[in-house]
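Residue numbers (my numbering), protein chains in the order written: chain A, 935 to 1225; chain B, 935 to 1225; chain C, 46 to 322; chain D, 46 to 322; chain E, 2 to 331.
By construction, the Cβ of each residue, glycine as well, lies at the ideal position given by its N, Cα and C atoms.
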Amino acid sequence: MSVDVPARSAVASPPALTKDRPLTRPRPSRATGRRRLGPGRPVRYGWAVGPVLLFALWAAGSAAGLLDPRALPAPWTVAATAGDLIADGRLQNHLLTSARRALLGLLFGVAAGVLLALVSGLSRVGEALVDGPVQIKRAIPSLALIPLLILWFGIGESMKVITIALGVFVPVYIHTHNGLRAIDNRYVELAETVRLGRTAFVRQVVLPGALPGFLLGMRFAVTAAWLALAVVEQVNATSGIGYMMELARTYGQTDVILVGLVVYGLLGLVSDGLVRLVERRTLTWRRTLAG
Amino acid sequence: MSVDVPARSAVASPPALTKDRPLTRPRPSRATGRRRLGPGRPVRYGWAVGPVLLFALWAAGSAAGLLDPRALPAPWTVAATAGDLIADGRLQNHLLTSARRALLGLLFGVAAGVLLALVSGLSRVGEALVDGPVQIKRAIPSLALIPLLILWFGIGESMKVITIALGVFVPVYIHTHNGLRAIDNRYVELAETVRLGRTAFVRQVVLPGALPGFLLGMRFAVTAAWLALAVVEQVNATSGIGYMMELARTYGQTDVILVGLVVYGLLGLVSDGLVRLVERRTLTWRRTLAG
Amino acid sequence: MASHPGRLSPAVVRIEDLVRSFDGRRVLDGLRLTIHDGEFVALLGRSGSGKSTLLRALARLDHDVRGDGLLTAPDNVSVVFQDARLLPWKRLLENVVLGLDTPDAQERGRAALAEVGLAGRERAWPVELSGGEQQRVSLARSLVREPRLLLADEPFGALDALTRIRMHALLRTLCARHRPAVLLVTHDVDEAIALADRVVVLEEGRIAADLTVDLPGAHRTGGPDHARLRARLLAHLGVDLTGHEPDGGSGDETADGPRGEYEPAHERVRDTEEIPA
Amino acid sequence: MASHPGRLSPAVVRIEDLVRSFDGRRVLDGLRLTIHDGEFVALLGRSGSGKSTLLRALARLDHDVRGDGLLTAPDNVSVVFQDARLLPWKRLLENVVLGLDTPDAQERGRAALAEVGLAGRERAWPVELSGGEQQRVSLARSLVREPRLLLADEPFGALDALTRIRMHALLRTLCARHRPAVLLVTHDVDEAIALADRVVVLEEGRIAADLTVDLPGAHRTGGPDHARLRARLLAHLGVDLTGHEPDGGSGDETADGPRGEYEPAHERVRDTEEIPA
Amino acid sequence: ALDAQTTASGKDLADTKIPAEVSPDTELIVGNPSLKVALQLSGQIDKLPFKVEWANISGGPQCSEAFRAGALDVCSAAEIPSINAHWTGLDTKLVAAAFRKDPYANPIYELGIAPGAGIKSLADLRGKKIAYSPGQAQGALVLRILDKAGLGQDDVELVELASTGDVYPTALGNKQVDAAPIADVNIKRYLKNYGEQGATTLKHGLRDDPAHLWVLTDSVADPEKAAAIRELVKFWAKAQVWIDRHPDEWVEGWYVKDQGLSKEDGEYLVKRSGHPVIPADWTKAIERQQQTVDLLAKEQKHDRFDVKILFDRRFEKVGARAAAEAGGAS
Ligand SMILES: Nc1ncnc2c1ncn2[C@@H]1O[C@H](COP(=O)(O)OP(=O)(O)OP(=O)(O)O)[C@@H](O)[C@H]1O
Ligand SMILES: Nc1ncnc2c1ncn2[C@@H]1O[C@H](COP(=O)(O)OP(=O)(O)OP(=O)(O)O)[C@@H](O)[C@H]1O
Ligand SMILES: [Mg+2]
Ligand SMILES: [Mg+2]
């Protein structure tokens, strides 16, 4: 499991510059010697290896005839279908509609999640009121909620956005709340002694302290937004990626389903990557195992 | 938002014992004075307030005729239905089946999640291989995966357990991995200097360090297991709480649906509570905002 | 050198009968202490004797202290914690000016950082600092404020001799300017004598000694009076300088030991005492 | 008192031309140092001069040190970090015996905890300890091991005089038993002289002074030789004891100053130098 | 996107002989939960001369998913799933057909009308919002209703809404749509819940009664399995007769015990479903299905095809004969 990635060493350079030779090099792990226990430096584009490999396996399996094309169409079939869908503008349309819904839902959901997390994280009464119901909401499958949602919010756009927001707000709430609760008490004491006001406390201690948690929550929130589409776009939708998939499912159009899955996968990878980028940018102060 | 819960003060006691009078009492927050910024001590049974209030609202709304009984039957209707279902043994049966599936799925899912998180958290090659595909999996709605899962694992019990495990492993993986990566580098250095072997490092530093993350993941995992039931028990199931709800939905038995929702809610609350109990037990060493 | 001199300035801190226990173990047990306005008190005591616990109680951070006496302390307290306690997600300057909302906060913060020798590092992250640098930032943070009471828990522990001397000077300047009451925890008896008006020793949960330092400025670091005070304090801490009479150190030693220097290896440890567990 | 005495025992640590920069700022710059088997070296230096950085490099924790020289250090190193660095999720005893897999690990851990005055606290959590107690646990953790090289970064900084003396004795016992090479960072010149065979001073990224302490045991804490060595070291750190000649401290001062005591308030700060930023 | 997928080949099996004897080792996976219960209640289940694994699967999408995965041999479904299967490249056959004796009086679906929608006849649908789920039987029914009313898709507002659970009655009661096809118990519930506000239902006057045994072509192409399926069709036909003759046992055993409905609901459903007919001649059925295909091909832009390839007429007489033996109508 141990991998020893050489420290980014100086490139071969004229003798005068050999001063930059790394002096302690992580050594291959031997039973006796000291070994490096952390994961080492990030591999460049390492994140792409898995997905590319997965794709390669799929392509190879299809080409070798190991995969039943009725069950799992070959990548080129899927690509062709995607091409058709794009050519007649359908895929873009679906994506655009879905993206609008997802973004709106994300917006409201994140706002609600953070707000409720603050209410519940900073006061015991708030916690008593908010936390339980959130746990209940979280435990109820959204599929089962659809009739109730229709009842309360109709079948229009607002119902869809609300449902997405409901899906989004849960991970944001839980993670932010957990992040809040995990802030070292020593910092709270510090804030008290420098006489931070409550808002300043929230802004300067609570929010940055809970930021890692919040960002982890965001990683779930973005996918939750896309996932919620699969449910809400079953209701009175005429476009959207979820609608496209639902339709394909009732018809059993495996290739369209796969186009949808690939799109979902890409959306997931991209939005997760975005959140991670923000994570790296805003959490520069962390000196953690990730290095 | 600020609540000042009095420090658990000594009960009224004979003069000789007044030594135990708390000397610094958190004061009501005033603009000028010092205030307590942390949330204060946990309120006993505070967690129950929200759910109880929710229930009270539901009951009051139903009694006052504000809630449409067609959409949201009154608590007593639901209770009566639940009573019937319990009397003829059906509810217990469904629950038992579901619990078996959920537990099995949980078991495999958690094992897989932790293992993969270790592989991916401790080595860059592991990360390159594992992380991307997990993100993709996570981004794909399980509803949309069902056709593929049926394809690969048939329509029997194993397919159901696998689907649940797939739903469970994602949050366990992400949170454990995140927990791993958030372990302070200083502890890794320490482990290196006391020459911990790799397994000892994992056992003594990595796992306990990632425990808070893992437990947060578990909170999502347990609900994920229950939620997955709603999806998998639509496929070739003859019992189970998800099957019960699906059946009730096709026949429009709103009261049975609500019994299902309530059961889901209770299951969510209880399993979340269990994980939190474990959290409190195992994380005694943390001195955090939660206090 | 009598303890508790009658003073006229009002009391800033007044503690009577303070009790604090952890899991039944009484760390502070009926402690009494009064600190007057503008007074500089040094607090000595063994490791684990409860110094930090006392400071936390005074800063009103500890809501589990009990007793039937009273505990008054001003609201406007500034604390230098034993750990530097910098917010890891804020850069140095932001850490220093935390909670300061005067318009010149930034400038003052910059000046304070410069005073502790960290000019130009305003935008560094706390993790990038050496131990002593972190401690200095924490000091700077309390220097930019104007507290009525300054509680400092070993603020110079991780500093080299030169930097320490500079920090002493800095603290003196601050005290001269705003005249806050100061309670300074230190392990360095010389430091205590050099800086404080009064030195108190915490032992077994109470103030076991309370000595006024009324040496004239020039004699704060030498001379027989100084040596006597020093020996007495060290004796309270269990270190016997005399080398001859294992004296409990109860008052009027004469000029002692060969030279009364701080001589770690020669100093005798009273064998009857154990390090507090 | 010549630097670098010819020795026969083999070198445990050999560093030539070590460079370490942070964001372009060179903290260690062509540093050379050799430590022989069983040698006790004290490392002095201003706050931020790079002492901890050097220790990290020696412990092979820093994979970004560069240079065209060499860096050899044994695998069997034990480190007392500047922060106590206790695993917060392990109780004291577990922290002490971390990574120790001999059958008597528990007993040895218990004994070590007792030696640092924490008997009976085996099952406490690190957060429940006072600053000095944490430091002692960290010390105990390195004492239960038998390293070839002990790197200790201000291990006594947060301890009171008495506890410090006991810890000195403990360290001496350990050294006598296993004879590890020791590199001890300290800010206390007296401590350095009392404990070490050799004292080196880190300045501007290099070893600026390397003095052998060849005082006989009894003179380690007094006498003119001791005072001279002490003054010289303090001068290297920028503290001038003479009060008269602002000497750079480059070699052979004679018995200096009125009494050569450690007198913080009187000691002169060389005005030409700035505290390293 | 249907054009993206090739349609099923529609393998012709007419000349493939089915062995007379069925091997007891043959195993079928059958998705027909009510058949299982009927066989249990009538004591026939142990007499099946081959092995059966019962799957609790029914309905178009679910069965085709399982077919695709090769996890199912036989399933029960109406006519639409087999049509969609053909269009999406899944080769299937219908091996048995049952209808209702008085199909217009005993329809499965009725058109639910939202309170105040003011729809009294099919012609009133013009300009109204109608719930529509392409791909589902309900969707096809809506198109057929419009066709009957002489309306095109542009003359009404089709609101795409998947018909899962009680989504349609909820949407109707909530006046989100003006009309939607609802079935069985939902009709009763809907009228009970919203009748006071003026909710009504409208009979569409179309035949929506076909019930089929639907099999994977691969299964009937396998002689061993084909023989077993032939036996299964016999048991199925006898079961239909048994159910018709034993309404009380059926209500109790199926609706109440198995499906968790009240006795009242069960009786209502038994009454609604009328009496079964198992014809020995499929010609009429094929004609009707061809019309449906033609309509769907036009409205949903699929390729027209000849539905004969969906019917495995080797089994045409099997069901009717067995039913007659059991004394049922044909
Ligand atoms: N949260 C806690 N739980 C249990 N015991 C505690 C806790 N905090 C402090 N103690 C104990 O109380 C005693 C006093 O601690 P305190 O931190 O006040 O000592 P101190 O005088 O500051 O010591 P030092 O000079 O080493 O910092 C110690 O023995 C410590 O172990
Ligand atoms: N990760 C880092 N990033 C940037 N600068 C760093 C980092 N670590 C250390 N430094 C800088 O390197 C210099 C040397 O640090 P080091 O910790 O070695 O000092 P030190 O001699 O141990 O000081 P002290 O006695 O205060 O502990 C300091 O100026 C410090 O700010
Ligand atoms: Mg302390
Ligand atoms: Mg350091």
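- Leaving aside the five residues that flank Pro108/E on each side, the residues in its chain whose CB is nearer than 6 Å to its CB run, in chain order, Asp209.
- According to DSSP, residue pairing for Cys76/E in a beta bridge involves Gly32/E, Trp215/E.
- For Tyr1177/B, the three-state secondary structure derived from DSSP is helix.
- Cβ-Cβ distances below 7 Å link Ile1020/A to Gln1026 in the same chain, with the five nearest sequence neighbours on each side left out; the list follows chain order.
- In the three-state scheme derived from DSSP, where H, G and I count as helix and E and B as strand, Ile46/E is classed as helix.
- In the structure shown, Ile120/E adopts coil according to DSSP, grouped into three states.
- When 9 Å is used as the limit between beta carbons, Glu300/E is near no residue of chain B, the shortest such separation being about 26 Å.
- Near chain D, meaning a CB-to-CB distance below 9 Å, the residues of the stretch 86-111 of chain C are Leu89, Gly90, Arg91, Ser92, Gly93, Ser94, Gly95, Lys96, Ser97, Thr98.
- In the structure shown, the three-state DSSP call for His205/E is coil.
- In this structure Arg1120/B is in contact with Arg130/D, their Cβ atoms being roughly 6 Å apart against a cut-off of 8 Å.
- Here DSSP, grouped into helix, strand and coil, assigns Ile114/E to strand.
- Ala1116/B places its beta carbon less than 9 Å from that of Ala1144/B.
- Residues of the same chain with a CB within less than 8 Å of the CB of Leu215/D, apart from the 5 flanking positions on each side, are Glu160, Val161, Leu184, Leu188 in chain order.
- In this structure, Val246/D has its CB at a distance of at least 8 Å from all heavy atoms of ligand 3.
- Interface annotation, Leu196/D: not in contact with chain C, CB-CB separation never under 9 Å.
- Among the bridge pairs identified by DSSP, Ser66/D is matched with Arg71/D.
- Between the alpha carbons of Thr1184/A and Pro1081/B lies a gap of roughly 11 Å.
- The beta carbon of Thr117/C sits closer than 6 Å to those of Arg59, all from its chain and outside the five residues before and after it, given in chain order.
- For Thr98/C, the shortest C-beta to heavy atom distance toward ligand 1 is below 8 Å.
- Positions of the beta strand (DSSP E) runs, each at least 3 residues long and wholly inside the stretch 966-1016 of chain A, cannot be given because no such run exists.
- Inter-segment contact for the stretch 1071-1080 of chain B and the stretch 1098-1110 of chain B is present: three or more beta-carbon pairs are separated by less than 8 Å.
- Sequence-distant partners of Leu100/D (beyond 5 residues in either direction) whose C-beta falls short of 6 Å from its own C-beta, in its chain, are Leu196, Asp198.
- Here Thr1218/B is exposed: its Cβ has fewer than 16 other Cβ atoms, across all protein chains shown, within 10 Å.
- Using a Cβ-Cβ distance cut-off of 8 Å, the stretch 226-235 of chain E and the stretch 304-320 of chain E are in contact, since at least three pairs of beta carbons, one from each stretch, lie closer than that value.
- For Arg251/C, the beta-bridge partners assigned by DSSP are Glu248/C.
- In this structure, DSSP gives Tyr1121/B a helical state, which the three-state scheme calls helix.
- Using a Cβ distance threshold of 9 Å, Leu137/C and Gln151/C do not count as a contacting pair.
- Ser77/E sits away from Leu207/E, with the two beta carbons spaced by 9 Å or more.
- Interface annotation for the stretch 152-175 of chain D against chain B: Trp170, Pro171, Val172, criterion Cβ-Cβ distance under 8 Å.
- Around the beta carbon of Tyr979/B, fewer than 16 other beta carbons lie within 10 angstroms, which makes this residue exposed.
- Secondary structure at Phe201/D: coil, using DSSP grouped into helix, strand and coil.
- Taking 9 Å as the CB threshold, Pro1075/B lines the interface with chain A.
- Residue Phe201/C holds the alpha-carbon nearest to the alpha-carbon of Val182/C among Leu194/C, Pro192/C, Phe201/C, Arg193/C.
- In this structure Thr1133/B is not in contact with Ala1051/B, their Cβ atoms being roughly 16 Å apart against a cut-off of 8 Å.
- Taking 9 Å as the cut-off, the Cβ atoms of Val122/C and Pro192/C count as close.
- Val110/C sits in coil when the DSSP states are folded into three classes, being neither helix nor strand.
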